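Written out below as C-alpha cells is the structure these notes cover.
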Amino acid sequence: MHNAHVALLQESDTGEITFDTPFAVPGSVSLSLEAQGELTPFYADGIKYYVSSSNSGYEGDWEMALITDEFREKILSEYIDKNKVMLEEATAKAKRFALGFEIDGDVRGTRFWFYCCTSTRPTTESSTTEDAIEPTTDTVTVSASAVQLGTAKKMAVRAKTTADTTDDLYEKWFDKVYIPDQEVAA
C-alpha cells in the first residue's frame with residue numbers, strides 16, 4: 002500500500018456530499034480493511050432457501066510511519082496553538098473523509114477511494130533504546146461506510162480502478178475523489 006491520500010468529506014444542508022481537494026499522507030506501512038456485514042439465511046422446505054447479505058462497509062487498521070500534522074489537524078481536529086504546540090482537546094470530534102491509496106498490480110497498481118471514513122486517535126507508544134533501534138509507527142483504526150454520491154445517488158462504499166480504467170482517469174485518480182457516473186474529461 003502506498004500513495005495514500007485523504008480528502009475531507011463535506012455535507013451541505015441539503016445532504017449533498019462533496020470532498021475537499023485530496024492531500025497526500027506519506028509513510029504508509031500497511032492497511033488492513035475487513036469487510037463488515039453478515040449473511041442471513043432463510044429456510045424453507047427444510048433447506049437454506051435464500052441467503053441475504055448486508056454490506057456494512059469496512060473496518061481495520063492503517064499503520065503509518067508517522068501521522069502527519071495535516072492529518073491530525075484536518076481529520077482528528079487537533080490544533081496548533083500560538084506557541085506552535087499541537088493540542089488534542091477532549092471534546093474534539095474527528096471528521097469524516099475519503100481515503101485513497103494504491104496497491105501494486107501486474108501491469109499497473111490498483112487505485113482505491115473509500116468514501117465515508119472515520120478514524121480513531123492513534124495510540125502513543127515508545128520504548129527504551131536497545132542494541133538495535135526498532136522504528137515505532139502510528140496506527141489508527143479506520144471505518145468506511147456507505148454514502149450517497151453522484152447523479153444516480155448510489156450508496157457507495159468504495160471505488161477502485163480496473164484494467165479497463167482509462168489512462169487519463171487513472172493518472173488523475175488522486176487529484177480529486179472519484180464520484181460515480183461523473184463526467185470525466187477525455
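Position one of the sequence shown corresponds to residue 2 (my numbering), numbered consecutively onward.
Glycine included, C-beta positions come from ideal geometry on N, C-alpha and C.
As the structure is a computational prediction, the values presented were derived from the model and not from experiment.
What does the alpha-carbon distance come out to for the pair residue i and residue j?
{"i": "A164", "j": "I81", "result": "43 angstroms"}
{"i": "E103", "j": "H6", "result": "9 angstroms"}
{"i": "T69", "j": "I76", "result": "10 angstroms"}
{"i": "K173", "j": "Y44", "result": "48 angstroms"}
{"i": "A187", "j": "K177", "result": "At A187 the pLDDT is 49, less than 50, meaning the model places this residue with poor confidence and gives no usable figure here."}
{"i": "D169", "j": "V108", "result": "16 angstroms"}
{"i": "E71", "j": "T166", "result": "30 angstroms"}
What three-state label does DSSP hand residue i in the structure shown?
{"i": "E12", "result": "strand"}
{"i": "E103", "result": "strand"}
{"i": "F72", "result": "helix"}
{"i": "Y171", "result": "helix"}
{"i": "M2", "result": "coil"}
{"i": "Q37", "result": "coil"}
{"i": "L67", "result": "coil"}
If distances are taken between C-alpha atoms only, which option among the options comes closest to residue i?
{"i": "T152", "options": "I134, I180 and V30", "result": "I180"}
{"i": "V52", "options": "V143, P42 and M156", "result": "P42"}
{"i": "S57", "options": "D21, G38 and Q11", "result": "G38"}
{"i": "V141", "options": "T124, L150, A157 and M156", "result": "T124"}
{"i": "F20", "options": "L150, N84, K49 and D46", "result": "L150"}
{"i": "D139", "options": "S13, S29 and N4", "result": "S29"}
{"i": "R97", "options": "F115, G110, G47 and L88", "result": "F115"}
{"i": "I18", "options": "E89, L9, L32 and N84", "result": "L9"}
{"i": "A93", "options": "K85, E79 and A157", "result": "E79"}
Could you check how far apart the C-beta atoms of residue i and residue j are, in whole angstroms? I think they sit under 8 angstroms.
{"i": "K161", "j": "R112", "result": "7 angstroms"}
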